[in-house]
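Worksheet: one structure, shown below.
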Amino acid sequence: MLMAHPTVLRTLVERYEALRALADQYGAEGVEVGGGVDPRIRQQLQDTVYTLCVSTGTREIGPALAAARDHMERSAFAADDVAPAHREAA
Numbered sequence: 019m020l021m022a023h024p025t026v027l028r029t030l031v032e033r034y035e036a037l038r039a040l041a042d043q044y045g046a047e048g049v050e051v052g053g054g055v056d057p058r059i060r061q062q063l064q065d066t067v068y069t070l071c072v073s074t075g076t077r078e079i080g081p082a083l084a085a086a087r088d089h090m091e092r093s094a095f096a097a098d099d100v101a102p103a104h105r106e107a108a
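Start counting the sequence shown at 19; every next residue gets the next number (the working numbering).
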């Protein structure tokens, strides 16, 4: 299966985590004043979840995050393996 580039996945994971934290904070504050999560934040979070799921071939955010992190980690190890050989050629 094709997987998004690790940089794209990293950006999506970071965006998801930031939006999730904002939604949690906003939601906690909104409960006291009878509000809720800003619809714009909710939509951005839903869009990010959807993109992460599509990018990782999953249907739920938990497995999507796990797949993204696994792919980023494997790519980092692969880059470490290639880097020394690349330096010697330079």
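Every residue gets a Cβ at the ideal spot worked out from N, C-alpha and C, and that includes glycine.
Keep in mind that this is a model prediction, so the values were computed, not measured.
May I have the straight-line CA-CA distance separating residue i from residue j, to the nearest angstrom?
i, j, result
"residue 86", "residue 56", "27 Å"
"residue 83", "residue 75", "11 Å"
"residue 88", "residue 80", "12 Å"
"residue 39", "residue 67", "14 Å"
"residue 31", "residue 43", "18 Å"
"residue 28", "residue 54", "28 Å"
By a C-beta neighbour count over all protein chains shown, 10 Å radius and 16 as the cutoff for buried, is residue i buried or exposed?
i, result
"residue 35", "exposed"
"residue 20", "exposed"
What residue range does the alpha helix (DSSP H) around residue i cover?
i, result
"residue 65", "57-74"
Find the nearest neighbour of residue i within the set the options, judged by alpha-carbon distance.
i, options, result
"residue 60", "72, 45, 73, 71", "45"
Compare the C-beta of residue i with all C-beta atoms of chain D and state if any pair is closer than 9 Å.
i, result
"residue 59", "The structure shown contains no chain D, having only a single protein chain."
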